[in-house]
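Numbering (our numbering), first residue to last: 80 to 209.
For every residue, glycine included, the Cβ atom is placed at its ideal position computed from N, Cα and C.
Every value quoted in this text rests on a predicted model; they were computed, and no experiment measured them.
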């Protein structure tokens with residue numbers, strides 16, 4: 080139905096907590112959300128293949144690489160926050176986390192470092208200091 084809905088994700092998480100909670104103590108809500116947003120809504124290399132020039136593949140036919148990755152990450156963060164609230168209120172018997180993919184972002188050039196920091200903060204959900 081075209082989007083990442085936090086209410087549906089929360090309902091799915093609650094089923095998982097109820098069914099598997101007696102056997103699982105370490106939970107991850109979303110694995111590598113930055114990779115999902117970047118690959119699927121910026122570069123267009125993963126389903127649903129949204130992208131736009133100059134960011135995505137040459138065959139981009141739909142999508143907006145300038146806005147869609149950020150909207151997707153926003154919705155994923157809302158889904159994660161909603162799930163954390165549910166878990167803390169009703170379960171609290173284990174550990175719950177969010178797992179962004181780490182990146183090695185290095186450069187000796189100061190201007191490039193500033194760009195890397197800005198890009199890392201917004202595209203990879205990382206907090207970086209120069």
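Review point. In the structure shown, what three-state DSSP assignment does residue 188 receive?
Key: Coil at residue 188, not helix or strand.
Check your understanding: Does DSSP classify residue 205 as helix, strand or coil?
Key -> Because residue 205 carries a pLDDT of 48, less than 50, the predicted location of this residue cannot be relied on, and no value is offered for it.
Review point. Residues in its own chain within less than 7 Å of residue 164 by CB, not counting five upstream and five downstream?
Key: Hits under 7 Å: none found.
Review point. Should the segment 95-114 be regarded as contacting the segment 162-180, the criterion being three or more beta carbon pairs within less than 8 Å?
Key: Judged by Cβ distances under 8 Å, the segment 95-114 makes contact with the segment 162-180, as three or more pairs qualify.
Review point. Roughly how many angstroms lie between the CA atoms of residue 160 and residue 140, to the nearest whole one?
Key: When rounded, the distance between both Cα atoms is 33 Å.
**Study point:** For residue 105, three-class secondary structure by DSSP
**Key:** Shown here, residue 105 sits in a strand according to DSSP, grouped into three states.
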